[in-house]
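Presented below is the structure to which this report refers.
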Amino acid sequence: DGRVLAVAPGVGLREFAFDEVFEDSADQATVYERSARPLIADFINGYNGTMLVYGQTGSGKTHTMFGSGPDLGTDGVGGGESAGRGVIPRACEEVLLAAAARSAMGITSAVSVSYVEVF
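Going by this note's numbering, the residue at position 117 of the sequence shown is 681; the numbering climbs one at a time, nothing skipped.
What follows is the structure in structure tokens.
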């Protein structure tokens, strides 16, 4: 049951919930399938989606979101079937494929994306 207790200054003991903790050996496909894909499926069906990635410096947030691999550019985004693709390249591919499939059925759509990185 993904719950942890922590002491919050000025508030006291608080309970926080989380969905899953991945081992450091988890591959990009597993992380995407278990965490981001349900959000993308909801997004494709008309709901807003947000994925917040939070953690200590050097803990792998950028690697998880953008990935790594020989076919990725210096900006971290690329095409192909690299196993190293992160959440963002996989999500973009899935959304654009869904839009193309719907377009083939005569359904028009518009896609917009916001990306914020806070240091």
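Beta carbons are placed, not taken as given, at the ideal position from N, Cα and C, and that holds for glycine.
Please name the residue or residues paired with residue i in a DSSP beta bridge.
{"i": "G648", "result": "Bridge partners of G648: none, in fact."}
{"i": "A674", "result": "In the DSSP output, where bridge partners are listed per residue, A674 has none listed."}
{"i": "R578", "result": "A570"}
{"i": "G631", "result": "R649"}
Nearest by alpha-carbon distance to residue i: which of the options is it?
{"i": "F630", "options": "V595, Q620, N612", "result": "V595"}
{"i": "N612", "options": "R578, I671, K625, P602", "result": "P602"}
{"i": "T672", "options": "A590, P573, A662", "result": "A662"}
{"i": "S589", "options": "V659, L660, T628, E657", "result": "T628"}
{"i": "A593", "options": "E658, G610, E681, G619", "result": "E658"}
So, is residue i buried or exposed, given that buried needs 16 or more other C-beta atoms within 10 angstroms?
{"i": "F582", "result": "exposed"}
{"i": "P653", "result": "buried"}
{"i": "T621", "result": "exposed"}
{"i": "R666", "result": "exposed"}
{"i": "V575", "result": "exposed"}
{"i": "D639", "result": "Here D639 scores only 45 on pLDDT, less than 50, and its place in the model should not be relied on; the value that follows carries that caveat. The residue in question, D639, is exposed, as its Cβ has fewer than 16 Cβ neighbours within 10 Å."}
{"i": "G619", "result": "exposed"}
Would you grab the beta carbon distance between residue i and residue j for me? Rounded to a whole angstrom, and I think it's under 8 Å.
{"i": "R567", "j": "F580", "result": "7 Å"}
{"i": "L577", "j": "V585", "result": "At roughly 21 Å, the Cβ-Cβ gap does not stay under 8 Å, so L577 and V585 are not in contact."}
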